[in-house]
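K.L.:
Going letter by letter, the sequence shown gives residues 1 to 195 in the UniProt record's numbering. Yeah, the Cβ is synthetic: ideal placement off N, Cα and C, and Gly gets one too. Before I ask anything, let me first share the structure, which is written out below as structure tokens.
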Amino acid sequence: MSVKAANVSTGFSHPHAKALSEPCDSLAVRHDLPVDSLASRRLIRLGRPEDAEALQVVHEAAVSAVPARFYPPEIVSAWRNSISSLRMSSYMADPGLLFLVARHNGAAVGFGCLEGRHIRAVYVHPGHGRQGFGHALLQALEKAARKSGFECVFLRASLNAAPFYVRNGYTDLGPGEFDLCVDLSMPCRRMAKAV
């Protein structure tokens, strides 16, 4: 992986790392949660190629947990299988993407991806849902976009995730589609937020 900006705390770097005011390895998960013994074991850091297999598992588990009322089985299957560990690794090596990983007790439990002003992904393993990881990833991506000079971020939310984004201050801009493969797309909601 080619790297351009040094992260002194870890030796790992990414061209967008300087957009965050703190080293990525030290971003707190949720500053508004009560401090407890678990808080010190949660962090957000830059994705690394060696995270790819664990993040593929996170992606597959998160998509597999989507309630059937949102999407038919053929869409869930195509969505679940749309990301391989090789593809995940190539995303993390892409200098145009900021790829963040949420970790808890040393294990990857979620990830998020930013491309310019577009949030491309926020996924959390269902076993770690509703613990602040998605919120922390989203805040870190928004902060990076803001530090890069963007005043607004955009995303396409799956139907099941749209309420999460609304709770986090996003405006629903209406229906959209996300292409899963050549002949299959899934309905989504286009969303935006001033940062």
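Could you give the C-beta distance for L55 and V101, rounded to a whole number, given that I count them as a contact under 8 Å?
P.N.:
Mapped onto the sequence shown, residue 55 falls at position 55. Mapped onto the sequence shown, residue 101 falls at position 101. Indeed they touch by this definition, with Cβ atoms about 7 Å apart.
K.L.:
My assumption, with CB atoms under 8 Å, is that L46 sits in contact with F99. Please give the rounded CB distance.
P.N.:
Within the sequence shown, the letter at position 46 stands for residue 46. Within the sequence shown, the letter at position 99 stands for residue 99. Going by Cβ atoms, the distance from L46 to F99 rounds to 7 Å, so yes, they are a contact pair.
K.L.:
Quick check on C24: does DSSP put it in helix, strand or coil?
P.N.:
In the sequence shown, counting from the first residue as 1, residue 24 sits at position 24. With a pLDDT of only 36 at C24, under the threshold of 50, the placement of this residue in the model should not be trusted; the figure read from the coordinates follows. When DSSP states are grouped into helix, strand and coil, C24 belongs to the helix group.
K.L.:
Any idea what DSSP makes of L97, helix, strand or coil?
P.N.:
Counting from 1 along the sequence shown, the entry for residue 97 is found at position 97. Note: L97 maps to coil in three-state DSSP.
K.L.:
Just how far apart, CA to CA, sit R69 and H125?
P.N.:
Counting from one through the sequence shown, the residue named residue 69 turns up at place 69. Counting from one through the sequence shown, the residue named residue 125 turns up at place 125. The straight-line gap from Cα to Cα measures roughly 20 Å.
K.L.:
Can you tell me which of Q139, H118, R130 and F178 puts its alpha carbon nearest to the alpha carbon of S82?
P.N.:
Locating residue 82 in the sequence shown gives position 82, where the first residue counts as 1. The residue with the shortest Cα to Cα distance from S82 is F178.
K.L.:
Under 8 Å: do the segment 115 to 122 and the segment 151 to 165 share three or more Cβ pairs, one atom per stretch?
P.N.:
yes
K.L.:
If you draw a straight line from the alpha carbon of M186 to that of S77, how long is it in whole angstroms?
P.N.:
Locating residue 186 in the sequence shown gives position 186, where the first residue counts as 1. Locating residue 77 in the sequence shown gives position 77, where the first residue counts as 1. Each residue's CA atom was taken as its position, placing M186 and S77 some 11 Å apart.
K.L.:
At 4 residues or longer, what runs of the alpha helix (DSSP H) sit wholly inside the segment 75 to 131?
P.N.:
Within the segment 75 to 131, complete alpha helix (DSSP H) segments of at least 4 residues are found at 85 to 93, given in chain order.
K.L.:
For the alpha helix (DSSP H) that A140 lies in, which residues bound it at each end?
P.N.:
Here residue 140 is taken as the residue at index 140 of the sequence shown, counted from 1. Taken as a continuous stretch (DSSP letters only), the alpha helix (DSSP H) holding A140 covers F133 to K147.
K.L.:
Which residues does DSSP list as the beta-bridge partners of A52?
P.N.:
Counting from one through the sequence shown, the residue named residue 52 turns up at place 52. DSSP, once it has assigned bridges, lists no residue as partnering A52.
K.L.:
Let's test the definition: count the other Cβ atoms within 10 Å of the Cβ of E151 and tell me whether it reaches 16, buried, or not, exposed.
P.N.:
Locating residue 151 in the sequence shown gives position 151, counting from the first residue. It is exposed - the Cβ of E151 has fewer than 16 other Cβ atoms within 10 Å.
K.L.:
Which residues in the same chain have their Cβ closer than 7 Å to the Cβ of R117, if we skip the five residues on either side of it in sequence?
P.N.:
Sequence index remark: in the sequence shown, residue 117 carries index 117 (1-based). Excluding its 5 nearest sequence neighbours in each direction, R117 has C-beta neighbours in its own chain below 7 Å: A145, F150, C152, V153 and F154, listed in chain order.
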